[in-house]
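Comments concern the structure below.
There are 2 protein chains.
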Amino acid sequence: MLVKSQVKYIQSLGHKKFRDAEGVFVAEGPKIVSELMQSDKVKLVHCFATEGWLSENMQYASSDPAMFVKTDEKQLERISFHPTPNQVLAVFTKPVFPASPIPAGVTLLLDTIQDPGNLGTILRTADWFGVQKIVCSANTTDVFGPKVVQSAMGSIVRVELIYTDLQEYIVAHPDIPLYATTLDGEDLQGKIHLSKAFLLIGNESRGVSQHLERLAVKRFRIPGKGGAESLNAAVATGIFLSQIEVLNQTR
Amino acid sequence: MLVKSQVKYIQSLGHKKFRDAEGVFVAEGPKIVSELMQSDKVKLVHCFATEGWLSENMQYASSDPAMFVKTDEKQLERISFHPTPNQVLAVFTKPVFPASPIPAGVTLLLDTIQDPGNLGTILRTADWFGVQKIVCSANTTDVFGPKVVQSAMGSIVRVELIYTDLQEYIVAHPDIPLYATTLDGEDLQGKIHLSKAFLLIGNESRGVSQHLERLAVKRFRIPGKGGAESLNAAVATGIFLSQIEVLNQTR
């Protein structure tokens, strides 16, 4: 049975402030919850699940019964952040990634991505193409918001994502070339060959900030011949990443 | 001033049944509303806007004052389908496209796309790459839902989108090759050259239906080396479209 204080606790985790204070985030649905339970980057804190889910996942539920709370569909609705709650809602510690140098290939730099669905999709797309690290401007939406987690799926524990001042970050790494995606750059034609680079993706409506664009060694545009003014930020990220060929995987 | 019957009318347009009965849809925000007002594919039916928007758009508002209703932010909140209402909400007739043969280049076939944001983003991406027509399975989400319109933006009047039985549609066009995007097809490497083709995009979690996949002459996969199980449907669509080179634009 779910008690009132638990409902309040879960609801508070809809706010970044409380997620940060507790160092946790919420994931919902059998697919992502079971993927996260198998990850060594996060730890399960609480799990609220239907009887059906619990009986199918005895291997987890029996290990530490105090962590698992049986709920019915109605109770799940009260704590869910999704329009259609799905069997299980779990609270995990935020993932911890070991300190590491900037990896070979592309490191994505996200400038003020504001839509949670876009950030989640970018994370999942980056993971598909083997990107290991994403660096976000401080005003990019929080990666642990419920909608981001939902669209990122298990990629949230496979791709490291940090928030910082992008200009300082770029300037601190003068040896790594910065490529920017803009609406007036050189047409992206064929593969881009590189060994290590930053790829800068701009805000959904304003694009890349000028003070960052000035630091780029190359600016690319995705050629289009239709009527749309711009591409969705996640779609543009996917198209760029699909065209990148990493020359030398050794560091 | 907004009256109660108008509030009820707008709210009813959140449901496909009522949109279909009235032959209209809702668009919100200055950008898309002004784009649609300039289109010859749709007609404005009602417009609810703040005083600020009305005074900046006198050229429209003065042409038929009965169509324009002044509202304040609070009233706009009551009728808006968005979390953050933005100055103007307008009702338009659904776009009418002249009957035309299947165009050169790619015609997108969407198999059971369920997420409104994905459908809108696919529409916008198709528009960017000059795709003129999209054919959806009957169970694909309605293109005139508020979230689809929001993510499609003005592309909703530039790309024709129809709903039908995809199998019948493919079989009725035996001269047009069907390419399918699948997780186990041939790796997409370099450009695909074609003069006219159908490109089939599958459902977000189940992919392309088997009975449709069997009709494909080629099946492509986007090569990835990371951990994500799949790509978002709109991102995959964008990557495929970016790799298509139309050989012969004459019909």
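Taken in order, these protein sequences are the chains called F and G. Heads up: take any position in the first sequence, counting from 1, add 1205, and you land on the working numbering. Heads up: take any position in the second sequence, counting from 1, add 1205, and you land on the working numbering. Beta carbons are placed, not taken as given, at the ideal position from N, Cα and C, and that holds for glycine.
Coarse secondary structure for residue i, derived from DSSP in three states
i       : result
G/V1238 : helix
F/T1369 : strand
F/F1445 : helix
F/G1429 : coil
G/F1302 : coil
G/D1459 : An answer regarding residue 1459 of chain G cannot be provided, because it is not within the stretch 1206 to 1456 covered by chain G.
F/K1339 : It is worth fixing the name first, because residue 1339 of chain F is Ile in this sequence and not Lys. Residue state, collapsed to three classes: strand.
F/E1450 : strand
F/H1416 : helix
F/N1408 : strand
G/F1349 : coil
F/T1312 : strand
F/T1386 : strand
F/L1259 : helix
F/E1233 : strand
F/R1456 : Note that F/R1456 scores 44 on pLDDT, short of 50, meaning its location in the model is unreliable; the coordinates nonetheless yield the value given after this. Coil, per DSSP.
G/K1221 : helix
F/V1208 : coil
G/K1279 : helix
G/V1274 : strand
F/A1377 : coil
G/I1318 : coil
G/V1354 : helix
G/Q1216 : helix
F/Q1243 : coil
CB contact check: residue i to chain G, cutoff 8 Å
i       : result
F/W1333 : yes
F/S1447 : yes
F/A1421 : no
F/S1305 : no
F/T1330 : yes
F/R1426 : no
F/S1285 : no
F/S1360 : yes
F/N1344 : no
F/A1439 : yes
F/V1311 : no
F/V1301 : no
F/L1436 : yes
F/V1336 : yes
F/T1387 : no
F/T1317 : no
F/T1326 : yes
F/G1322 : yes
F/T1455 : Any reading at F/T1455 is ruled out, since the residue's pLDDT is 49, under 50, leaving its predicted position unreliable.
F/S1210 : no
Cβ distance (whole Å) where residue i is taken to contact residue j below 8 Å
i       : j       : result
G/L1399 : G/I1449 : 7 Å
G/G1322 : F/G1322 : 6 Å
G/T1326 : F/N1437 : 5 Å
F/T1386 : F/F1425 : 6 Å
G/Q1292 : G/W1258 : 4 Å
G/L1405 : G/T1330 : Rounded, the Cβ-Cβ distance is 15 Å, inconsistent with contact.
G/K1401 : G/I1307 : 7 Å
F/V1362 : F/K1222 : Their Cβ separation, rounded to whole angstroms, is 23 Å, which puts F/V1362 and F/K1222 out of contact at 8 Å.
G/D1332 : F/G1335 : Incorrect: roughly 30 Å between the Cβ atoms, too far for contact.
G/V1440 : F/G1443 : 4 Å
CB contact check: residue i to chain F, cutoff 8 Å
i       : result
G/I1444 : yes
G/G1432 : yes
G/S1244 : no
G/S1400 : no
G/R1224 : no
G/G1429 : yes
G/L1452 : no
G/T1289 : no
G/R1363 : yes
According to DSSP, residues forming a beta bridge with residue i
i       : result
F/L1399 : F/V1451
G/L1324 : In the DSSP output, where bridge partners are listed per residue, G/L1324 has none listed.
G/R1424 : G/A1385
F/D1392 : F/R1426
G/F1297 : G/F1230 and G/L1249
G/A1254 : G/K1275 and G/V1293
Stretch-stretch touch, CB-based, cutoff 8 Å, three pairs: the region 1412-1431 of chain F with the region 1295-1303 of chain F: no
Sufficient close CB pairs (3 or more, under 8 Å) joining the region 1254-1269 of chain G to the region 1371-1389 of chain G: no
Three CB pairs or more closer than 8 Å across the region 1426-1436 of chain F and the region 1387-1397 of chain F: yes
Segment contact flag, the region 1271-1290 of chain G with the region 1370-1380 of chain G, C-beta cutoff 8 Å, min 3 pairs: no
Touch test, the region 1224-1233 of chain G against the region 1348-1355 of chain G, Cβ-Cβ under 8 Å, three pairs minimum: yes
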